[in-house]
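The structure appears below as structure tokens.
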Amino acid sequence: MKNILVVDDDREIVNLITIYLQNDGFHVLKANNGVEALSLMDNEQVNLIIMDIMMPEMDGIELCRKIREKNQVPIIMLSAKGEDMDKVFGLMTGADDYMIKPFNPLELIARVKSLLRRSYQYKLESQPNENEIIRIHSLEINRTSHQVLNNGQAISLTAKEFDILHLLANNRGRVFSTEEIFERVWEEKYFASNNTVMVHISHLRDKLEKELGYKLIKTVWGVGYKIEE
């Protein structure tokens with residue numbers, strides 16, 4: 056049974072999310088702010104976090120930053136703010152997904168399941184499969200273990216960053232549009248003005264370039280992104 060941590064100072068929202076999660080067989084852990092959430096994570100295994108942005112003591116942005124210092128657990132952010140820059144800011148701190156309040160609880164549960172499936176499906180395999188390993192110079196991308204290594208050293212990526220990298224690396228030379236990447240990785244219909252892919256690729260590039268010393272993911276202006284053959 057997967058443990059889902061719900062962090063929100065609105066108890067009605069927490070109770071609503073809890074009902075839907077428990078109906079789908081998840082175990083729910085609750086916290087009212089970021090400080091409580093961090094304390095709880097020190098003592099409990101957490102498989103996914105649903106967190107609000109606006110909270111007392113420690114908001115969701117700061118909480119996300121602190122979690123990402125040592126943990127790549129999948130994170131879905133919730134916010135009453137709908138402006139694009141608020142969404143970008145949330146994703147830049149390391150969130151994997153973002154939903155605007157008020158939201159459809161059934162859509163939230165669908166996103167939870169999708170993110171869990173993508174983040175943890177590799178654990179179903181007990182041994183790595185050589186066919187699941189992609190090598191590009193010093194870089195090794197292992198789909199089975201969900202690891203990215205550069206000269207044997209791990210590069211810490213979020214679930215979505217890994218999926219984008221694997222998609223491009225597994226199709227080297229092919230250009231993927233922003234729309235294609237979104238629909239393949241998020242498994243949702245792309246909508247206009249959605250800059251989610253841009254934010255994730257920017258974050259992914261920064262991490263890779265810091266370790267590799269060069270740009271692995273190329274931009275084909277007006278078309279999309281690719282990794283050279």
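Add 55 to the 1-based position in the sequence shown for the working numbering, that's all there is to it. By construction, the Cβ of each residue, glycine as well, lies at the ideal position given by its N, Cα and C atoms.
Look up R198 in the DSSP assignment and give the residues it is bridged to.
According to DSSP, R198 bridges with nothing at all.
Per the contact definition of three or more C-beta pairs closer than 8 Å, is the segment 125 to 139 in contact with the segment 104 to 117?
yes
Beta-carbon proximity check, Y153 vs L163, cutoff 8 Å:
no
In its own chain, which residues sit with a C-beta less than 6 Å from the C-beta of R227, not counting the 5 before and 5 after it?
I282, E284
Pull the bridge partners of I116 from the DSSP assignment, please.
According to DSSP, which records beta bridges pairwise, I116 is partnered with nothing at all.
From the DSSP output, which residues share a beta bridge with M154?
L133
L161 to Y75 span [Cα, whole Å]:
8 Å
So the beta strand (DSSP E) M106 belongs to, where does it begin and stop?
103 to 107
Give the C-beta separation of L103 and K156 to the nearest angstrom, bearing in mind that I take them to be a contact with Cβ-Cβ under 8 Å.
Not confirmed; about 18 Å, so no contact.
Using a Cβ distance threshold of 8 Å, determine whether the segment 116 to 132 contacts the segment 91 to 103, with at least three qualifying pairs required.
yes
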